[in-house]
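Residue numbers (my numbering): 24 to 269.
In what follows, a single structure is set out as structure tokens and then discussed.
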Ligand SMILES: NC(=O)c1ccc[n+]([C@@H]2O[C@H](COP(=O)([O-])OP(=O)(O)OC[C@H]3O[C@@H](n4cnc5c(N)ncnc54)[C@H](OP(=O)(O)O)[C@@H]3O)[C@@H](O)[C@H]2O)c1
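Written out as structure tokens, the structure reads:
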């Protein structure tokens, strides 16, 4: 039986992934800041076959509560095999440029808090001798663009942090997976017009996340074709890129 902690368990992508784990009889520890939605998700996962589901209320940016969350997860599960860090927000880029308090809060939510939690689980997994830290980043972290560089910079921070963490933990038998989805049809992207081949459903991304964890991958683009798209975007010379309205 796999023992899984999910941070941001009310996320659509996280819940779709939790459903796949539930059908395999996993024990799940759900962490989120909305108690009612956590309870609804927990009930759904029990019906789908989860061995055990525990809900824990925590705001990921409330750093002082991280240690208590980890202790509660260990008390509930007896050990942890996978930590999926999924929480995130899609900042209003223009508003952040003007409101620097908001700017900082968005970088905390999407960047700093993710790195701190990844480090906390990494430390635990080293002591345990195994485990996987899986983190949902974004293709947006691959290159800064004028339309969303607050979000992109936070996701870029996560990518670089995980690179270093993976490098440090490789010899300890601990996996560090960065998941980079493209456009996914979830509440986060409610304001977008979701038409075209580039849009994926959370269920498809969830399948890719499980597969990447099982294969011990380091970095995965979901769906796969985003690897090629981002390769092209990363390789546009800066001289040209800075003139594009992206
Ligand atoms: N949708 C996309 O197109 C897309 C693309 C690339 C990457 N991603 C990433 O995928 C992940 C999941 O997003 P999603 O698409 O599934 O969107 P979502 O359904 O809107 O989920 C985001 C979740 O993050 C939670 N959250 C935000 N701030 C939090 C905090 N401080 N503490 C705890 N939980 C917090 C939210 O909880 P509340 O319910 O309490 O607000 C919400 O459940 C995010 O990291 C996102 O950046 C999404």
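Glycine is no exception: its CB is placed at the ideal position from the N, C-alpha and C atoms.
TODO: Could you tell me if residue 46 is buried or exposed, where buried requires 16 or more neighbouring beta carbons within 10 angstroms of its beta carbon?
DONE: Along the chain shown, read from residue 1 onward, the residue named residue 46 stands at position 23. Exposed is the call here.
- [ ] Could you tell me whether the Cβ atoms of residue 72 and residue 48 are closer together than 8 Å?
- [x] Translated into the one-based positions of the chain shown, residue 72 becomes position 49. Translated into the one-based positions of the chain shown, residue 48 becomes position 25. In this structure, residue 48 lies closer than 8 Å to residue 72 by Cβ.
TODO: Determine the contact status of residue 27 and residue 80, defining contact as a CB-CB distance below 8 Å.
DONE: Your numbering for residue 27 matches position 4 in the chain shown. Your numbering for residue 80 matches position 57 in the chain shown. In this structure, residue 80 does not lie closer than 8 Å to residue 27 by Cβ.
TODO: Note down the Cα distance separating residue 78 from residue 260, rounded to an integer number of angstroms.
DONE: The count along the chain shown starts at 1 and reaches residue 78 at position 55. The count along the chain shown starts at 1 and reaches residue 260 at position 237. It is roughly 47 Å from the alpha-carbon of residue 78 to the alpha-carbon of residue 260.
Open item on the list: Between which residues of its own chain and residue 84 is the CB-CB distance below 7 Å, once the five residues before and five after are set aside?
Closed with: In the chain shown, the residue the question calls residue 84 occupies position 61. Excluding positions up to five away in sequence, the list reads 131, 132, 136.
Open item on the list: Do residue 197 and residue 240 count as a contact pair if the criterion is CB distance below 8 Å?
Closed with: In the chain shown, counting from the first residue as 1, residue 240 sits at position 217. In the chain shown, counting from the first residue as 1, residue 197 sits at position 174. Taking 8 Å as the cut-off, the Cβ atoms of residue 240 and residue 197 do not count as close.
TODO: Kindly indicate which three-state DSSP category residue 204 falls into: helix, strand or coil?
DONE: The residue given as residue 204 occupies position 181 in the chain shown. It is a strand residue.
- [ ] Using only alpha-carbon positions, find the residue among 200, 177, 115, 39 that is nearest to residue 65.
- [x] Indexing the chain shown from 1 puts residue 65 at position 42. Among 200, 177, 115, 39, the Cα nearest to that of residue 65 belongs to 39.
Open item on the list: Output needed for residue 82: all residues of its chain with C-beta closer than 8 Å, excluding positions within five of it in sequence on either side, in chain order.
Closed with: Sequence index remark: in the chain shown, residue 82 carries index 59 (1-based). Contacts found: 56, 88.
Task: Rounded separation between residue 96 and residue 61 - CA only - done: Indexing the chain shown from 1 puts residue 96 at position 73. Indexing the chain shown from 1 puts residue 61 at position 38. Straight-line Cα distance between these residues: approximately 15 Å.
- [ ] Have a look at the DSSP bridge pairing and note the partners of residue 26.
- [x] Locating residue 26 in the chain shown gives position 3, counting from the first residue. Residue 26 pairs with 50.
Task: Minimum C-alpha distance to residue 163 - residue among 90, 102, 245 - done: Within the chain shown, residue 163 is the residue found at index 140, counting from 1. Out of 90, 102, 245, the CA that lies nearest to the CA of residue 163 is found in 245.
Task: Segment limits, alpha helix (DSSP H) that includes residue 107 - done: Stepping through the chain shown from its first residue, residue 107 is reached at position 84. Careful: residue 107 lies outside any alpha helix (DSSP H), inside the beta strand (DSSP E) at 105-108.
TODO: Quick one: grab the DSSP three-state call for residue 77.
DONE: Taking the first residue of the chain shown as position 1, residue 77 is located at position 54. Note: residue 77 maps to strand in three-state DSSP.
Task: Minimum length 4: unbroken alpha helix (DSSP H) runs contained in the stretch 63-150 - done: 89-100, 116-121, 123-130
Open item on the list: I want to check one thing, is the minimum distance from the CB of residue 82 to the heavy atoms of ligand 1 below 7 Å?
Closed with: As a working note, residue 82 is residue 59 in the chain shown. Yes.
Open item on the list: Less than 7 Å separating the Cβ of residue 132 from some heavy atom of ligand 1?
Closed with: Taking the first residue of the chain shown as position 1, residue 132 is located at position 109. It does: the Cβ of residue 132 is within 7 Å (strictly closer) of some heavy atom of ligand 1.
- [ ] Could you check which residue in 177, 166, 142, 192 has the C-alpha nearest to that of residue 252?
- [x] Counted from its first residue, the chain shown places residue 252 at position 229. Among 177, 166, 142, 192, the Cα nearest to that of residue 252 is on 166.
Task: 6 Å Cβ shell around residue 43 - same chain, five flanking residues per side excluded - done: For this step, residue 43 is matched to residue 20 along the chain shown. Same-chain partners within the cutoff: 229, 233.
- [ ] Indicate the three-state DSSP secondary structure (helix, strand or coil) for residue 159 in the structure shown.
- [x] Within the chain shown, the letter at position 136 stands for residue 159. Residue 159: strand per DSSP, three-state reduction.
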